[in-house]
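Following: one structure in structure tokens, then a few remarks.
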Amino acid sequence: MAEWKRPLPTIVKQTEPYWAAAREGKLLLQLCGGCKQYQVHYRSFCCFCWSGEVEDIFARGTGTVFTYTVVHRNRAPGFAEAVPYVAALVELSEGVKVLTNIVNCEPERVHIGLRVRVSFMTASDEIRIPVFEPDQDADSNHSSSEEET
Amino acid sequence: MSAPNVAIVGAYEHPTRLAPDKDEWQLTAEVARAALEQTGLKPSDIQGYFMPPSATMGGYIGPGAALLMSDYLNIKPRFIDETDVGGASFGYYVNRAALAINAGLIDTALITYASLARSGHVDIGSGRTGKAAPIPESFEQAYGLAGIAFYALLARRYMHEYGVAPEALAAVAVSARRNAAANPDAAYRDPITVDDVLTSPEIASPLHRLDCCIVSDGAGAIILASRRMAQQCRSKPVWVAGFGEAIMHTDGGRSGWMNETVDMVATASRQAYAMAGIGPDDIDVAGVYDAFTINVLLGLEGLGVCGRGEAGNFMEERGTGRDGGFPMNLDGGGLSSNHPGRRGLFLLIEATRQLRGEAGPWQRPGAKTAVTIATGAASLVRRASATHVLVAD
């Protein structure tokens with residue numbers, strides 16, 4: 022494993038379940054028992070109706086690229102070595118949008134509507150970071166032509 | 012609409028764009044003194060003081076800045092604030108000062124900004140380091156989305172959703188440079204073309220180097236006064252006829268970031284228009300925050316001067332120079348004149364110059380009504396925006 026030079030997440034008790042799931046290769050969402058809406062990022066209550074009854078749900082792990090950028094310049098450690106890399110807002114199948122990187126994909130192949138699936142980068146023994154890569158299982162007609170999300 | 016009770020009576024933009032031999036404290040003193048000099052007031056007349064504690068990446072005084080700077084300037088304001096919402100902070104200060112004046116707490120207020128963003132070699136918008144806070148940074152910082160890349164996400168979505176070509180973004184930079192040619196203090200004055208923008212290096216696609224604001228050292232100050240105090244000043248007042256503000260954020264994952272940016276500006280602008288009793292058709296000169304070219308397109312649509320996805324066509328059809336149908340960022344804006352980390356204050360100073368008729372070679376003749384929008388961020392999509400309607404005396 023390459024040395025992780027990017028900022029490491031700081032885990033607090035409230036967010037520990039999210040990072041514990043990531044450690045196991047699962048992307049954790051929350052579904053509100055009151056208003057039945059999914060939310061990100063992970064927190065101790067429902068941010069829509071402020072109910073405390075939120076349920077942990079493993080995301081299907083699939084989504085589409087909602088918007089993206091190919092970053093060519095970033096002098097910060099861990100990024101300077103990685104340029105050009107792709108940062109994206111991905112709309113999960115559950116409907117919420119997450120900031121992420123698109124990996125294992127030539128930057129020029131990334132487009133809005135690209136179907137992607139979650140994967141994980143190892144940052145340390147305890148921490149894995151969710152990223153996304155092209156979804157090989159998705160219908161190839163869709164992955165190449167679907168533009169609308 | 013009742014007659015405005017709050018006026019800008021002093022407004023000064025430091026001519027420097029590179030000041031390696033100075034520091035933020037000295038620059039603050041220089042601009043505060045120059046703005047005060049316009050009014051005829053004395054330092055002891057300053058009753059309110061506002062300044063940002065920390066430009067996240069440019070401006071280094073830190074929490075408690077308004078108190079610390081009051082000591083340095085040796086003023087004793089009865090009302091201070093250092094609300095920190097990035098480049099929008101200065102718009103927020105005008106709002107808070109106006110509220111304090113209207114509440115009868117103070118009769119005068121000083122707003123300052125100074126930053127050595129350029130000579131300090133600050134990596135504004137292109138890099139970020141440090142320990143990630145548990146919320147929200149820990150969920151985001153590993154992905155390397157600094158300021159430019161954030162706006163690149165908006166630009167990409169905007170182009171996709173409305174079928175806008177990159178030339179429309181590039182034209183914003185060309186307009187700024189064309190206007191800057193008339194401003195001897197502007198950092199860059201040589202003309203550029205759409206092709207120059209599109210062939211400059213990509214920083215974060217689809218944004219190129221010339222889609223990005225310059226990084227300058229700089230400083231500015233504004234003095235506000237109640238109507239009663241304004242009448243005692245020797246300067247020509249510019250009235251704060253309307254103001255509004257709004258914020259945006261992730262909305263629990265529901266926000267798509269781009270259209271919500273326009274929504275935010277629109278919310279603040281509707282409030283400002285309503286207070287001033289004007290509408291988007293009444294603007295003589297506009298100041299639209301231009302940290303990146305995409306900001307201007309989204310800002311114009313938020314101002315309601317055109318529909319969504321139409322800002323590029325609007326600019327081309329109306330013309331944005333001082334002789335155009337929609338004069339905008341006539342000093343050259345942040346893209347060509349001055350952007351020391353945060354731009355919000357300079358939009359208000361430029362609008363004041365225009366409404367006093369003191370903009371010199373880049374004056375829009377007869378400008379009576381100006382609208383400015385200052386937008387800034389706490390972190391990525393946690394953003395704030397303020398709209399102001401200013402009118403000549």
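Read top to bottom, the protein sequences are chains P and S. Take the position in the first sequence, starting the count at 1, then add 21; the result is the number in our numbering. Take the position in the second sequence, starting the count at 1, then add 11; the result is the number in our numbering. Glycine included, each C-beta is placed from N, C-alpha and C at the ideal position.
Which residue from S/33, S/80 and S/85 puts its Cα closest to that of residue 56 of chain S?
By one-based count along the second sequence, residue 56 of chain S stands at place 45. The residue from S/33, S/80 and S/85 with its alpha-carbon nearest to that of residue 56 of chain S is S/85.
Within 8 angstroms (strictly less), CB to CB, does residue 111 of chain P reach chain S?
Counting from one through the first sequence, the residue named residue 111 of chain P turns up at place 90. With 8 angstroms as the cut-off, residue 111 of chain P does not count as an interface residue toward chain S.
Tell me, please, whether the CB atom of residue 245 of chain S is closer than 8 angstroms to any CB atom in chain P?
Taking the second sequence and counting its residues from 1, one reaches residue 245 of chain S at position 234. Output row for residue 245 of chain S: interface = no.
Do you know whose CA, among P/133, P/98, P/90 and P/81, lies nearest residue 116 of chain P's CA?
As a position in the first sequence, residue 116 of chain P is number 95, starting the count at 1. Selected option, being the one with the closest Cα: P/81.
What are the boundary residues of the beta strand (DSSP E) that includes residue 142 of chain P?
As a working mapping, residue 142 of chain P is identified with position 121 in the first sequence. Counting along the chain, residue 142 of chain P sits inside the beta strand (DSSP E) bounded by residues 136–143.
Which residues in the same chain as residue 25 of chain S place their Cβ atom closer than 7 angstroms to its Cβ, once the five residues preceding and following it in sequence are excluded?
Counted from its first residue, the second sequence places residue 25 of chain S at position 14. Only 38, 41, 42, 229, 230 and 231 meet the Cβ criterion.
Proximity test, Cβ basis, 8 angstroms: residue 143 of chain P and chain S:
As a first step, residue 143 of chain P must be located in the first sequence, where it is residue number 122. No, residue 143 of chain P lies away from the interface with chain S (no Cβ there is under 8 angstroms from its Cβ).
Count the C-beta pairs between the stretch 322–340 of chain S and the stretch 148–159 of chain S that are closer than 8 angstroms, then say yes if the count reaches three, no if not.
Between the stretch 322–340 of chain S and the stretch 148–159 of chain S there are fewer than three inter-stretch CB-CB distances shorter than 8 angstroms, so the stretches are not counted as touching.
Residues in the stretch 268–283 of chain S having any Cβ partner in chain P nearer than 9 angstroms
Cβ contacts with chain P come from 268 and 269.
Using the C-alpha atoms, what's the distance from residue 123 of chain P back to residue 33 of chain P?
Taking the first residue of the first sequence as position 1, residue 33 of chain P is located at position 12. Taking the first residue of the first sequence as position 1, residue 123 of chain P is located at position 102. So the alpha carbons of these two residues sit roughly 26 angstroms apart.
So with CB distances below 9 angstroms, who are the chain S contacts of residue 30 of chain P?
Walking along the first sequence from the start, residue 30 of chain P turns up at place 9. Going along chain S in sequence order, the residues near residue 30 of chain P (Cβ under 9 angstroms) are 143, 145, 148, 149, 150, 152 and 153.
Against chain P, which members of the stretch 320–354 of chain S pass a CB distance test of less than 7 angstroms?
Within the stretch 320–354 of chain S, no residue has its Cβ closer than 7 angstroms to any Cβ of chain P.
Could you tell me whether the Cβ atoms of residue 313 of chain S and residue 275 of chain S are closer together than 8 angstroms?
Along the second sequence, one-based indexing puts residue 313 of chain S at 302. Along the second sequence, one-based indexing puts residue 275 of chain S at 264. Result yes, Cβ atoms of residue 313 of chain S and residue 275 of chain S sit closer than 8 angstroms.
I need the straight-line Cα distance from residue 127 of chain P to residue 355 of chain S, nearest angstrom please.
Taking the first residue of the first sequence as position 1, residue 127 of chain P is located at position 106. Taking the first residue of the second sequence as position 1, residue 355 of chain S is located at position 344. Near 38 angstroms, if we compare the C-alpha coordinates of residue 355 of chain S and residue 127 of chain P.
For residue 108 of chain P, which option in S/80, S/151 and S/61 has the closest C-alpha, if you only look at C-alpha atoms?
Working through the first sequence from its first residue, we reach residue 108 of chain P at position 87. Looking from the CA of residue 108 of chain P, the closest CA among S/80, S/151 and S/61 belongs to S/151.
Mind listing which residues of the stretch 154–181 of chain S have their C-beta closer than 7 angstroms to chain P's C-betas, in chain order?
Those would be 154, 155, 156, 157, 160, 163, 164, 167, 168 and 171, in chain order.
Contacts of residue 214 of chain S in chain P (Cβ-Cβ under 7 angstroms)
To locate residue 214 of chain S, count along the second sequence from 1; it is residue 203. Under the 7 angstroms cutoff, chain P gives 93 and 94.
Rounded to a whole number of angstroms, what is the C-alpha to C-alpha distance between residue 305 of chain S and residue 84 of chain P?
Mapped onto the second sequence, residue 305 of chain S falls at position 294. Mapped onto the first sequence, residue 84 of chain P falls at position 63. The straight-line gap from Cα to Cα measures roughly 26 angstroms.
Checking the sheet assignment: what are the DSSP bridge partners for residue 59 of chain P?
The residue you call residue 59 of chain P lines up with position 38 of the first sequence. Paired residue(s): P/52.
In the DSSP output, what is residue 151 of chain P paired with across the bridge?
The sequence position of residue 151 of chain P within the first sequence is 130, counting from 1. Per DSSP, the beta bridge partners of residue 151 of chain P are P/141.
If contact is defined by three or more beta carbon pairs under 8 angstroms, each pair taking one atom from either stretch, is the stretch 390–403 of chain S in contact with the stretch 102–112 of chain S?
Touching, per the Cβ criterion.
Using C-beta distances below 6 angstroms, list every residue in its chain close to residue 240 of chain S, excluding the 5 sequence neighbours before and after it, in chain order.
For the purposes of this step, residue 240 of chain S is taken as residue 229 along the second sequence, with counting starting at 1. Answer for residue 240 of chain S: 118 and 119, listed in chain order.
Relative to the alpha-carbon of residue 206 of chain S, which residue among S/273, S/199 and S/222 has its alpha-carbon at the smallest distance?
Taking the second sequence and counting its residues from 1, the one referred to as residue 206 of chain S is at position 195. Relative to the Cα of residue 206 of chain S, the nearest Cα in the group S/273, S/199 and S/222 belongs to S/222.
Own chain, CB closer than 8 angstroms to residue 83 of chain S, minus 5 neighbours either side, in chain order:
Looking up residue 83 of chain S in the second sequence gives position 72. Around residue 83 of chain S: 36, 39 and 40.
Does residue 157 of chain P get closer than 8 angstroms to chain S when you measure Cβ to Cβ?
Numbered from 1 along the first sequence, position 136 holds the residue referred to as residue 157 of chain P. Among the CB atoms of chain S, none fall inside 8 angstroms of the CB of residue 157 of chain P.
As assigned by DSSP and simplified to three states, the class of residue 32 of chain P
By one-based count along the first sequence, residue 32 of chain P stands at place 11. Three-state DSSP puts residue 32 of chain P in coil, outside helix and strand.
What number of angstroms, rounded off, separates the C-alpha of residue 58 of chain P from the C-alpha of residue 69 of chain P?
In the first sequence, residue 58 of chain P corresponds to position 37, counting from 1. In the first sequence, residue 69 of chain P corresponds to position 48, counting from 1. Distance between the alpha carbons of residue 58 of chain P and residue 69 of chain P is about 8 angstroms.
Flag residue 265 of chain S as yes if its beta-carbon sits less than 8 angstroms from any beta-carbon of chain P, otherwise no.
As a working note, residue 265 of chain S is residue 254 in the second sequence. Closer than 8 angstroms to some Cβ of chain P, the Cβ of residue 265 of chain S qualifies, so yes.
Does the distance from the C-beta atom of residue 104 of chain P to that of residue 93 of chain P stay below 8 angstroms?
In the first sequence, the residue the question calls residue 104 of chain P occupies position 83. In the first sequence, the residue the question calls residue 93 of chain P occupies position 72. Going by C-beta atoms, residue 104 of chain P is nearer than 8 angstroms to residue 93 of chain P.
Might you give, ordered along the chain, the residues of its own chain that have their beta carbon closer than 6 angstroms to the beta carbon of residue 53 of chain P, omitting 5 neighbours on each side?
Walking along the first sequence from the start, residue 53 of chain P turns up at place 32. Cβ neighbours of residue 53 of chain P beyond the five flanking positions: 67, 72 and 75.
One question on the structure: do residue 359 of chain S and residue 378 of chain S come within less than 8 angstroms of each other, judged by their Cβ atoms?
Locating residue 359 of chain S in the second sequence gives position 348, counting from the first residue. Locating residue 378 of chain S in the second sequence gives position 367, counting from the first residue. Against a cut-off of 8 angstroms, the Cβ pair of residue 378 of chain S and residue 359 of chain S comes out as no contact.
In terms of alpha-carbon separation, which member of S/302, S/266, S/202 and S/225 lies closest to residue 120 of chain P?
As a working note, residue 120 of chain P is residue 99 in the first sequence. Here the closest residue by C-alpha is S/266.
Alpha carbon to alpha carbon, how far is residue 144 of chain P from residue 102 of chain P?
Locating residue 144 of chain P in the first sequence gives position 123, counting from the first residue. Locating residue 102 of chain P in the first sequence gives position 81, counting from the first residue. Cα-Cα distance, rounded: 15 angstroms.
Looking only at DSSP bridge pairs, what is residue 234 of chain S linked to?
Locating residue 234 of chain S in the second sequence gives position 223, where the first residue counts as 1. DSSP output for residue 234 of chain S lists S/21 and S/121 as bridge partner(s).
Identity of the residue in S/389, S/402 and S/387 nearest residue 381 of chain S by Cα:
On the second sequence, position 370 is the one that residue 381 of chain S refers to. Selection S/389, S/402 and S/387 evaluated against residue 381 of chain S yields S/402 as nearest (Cα-Cα).
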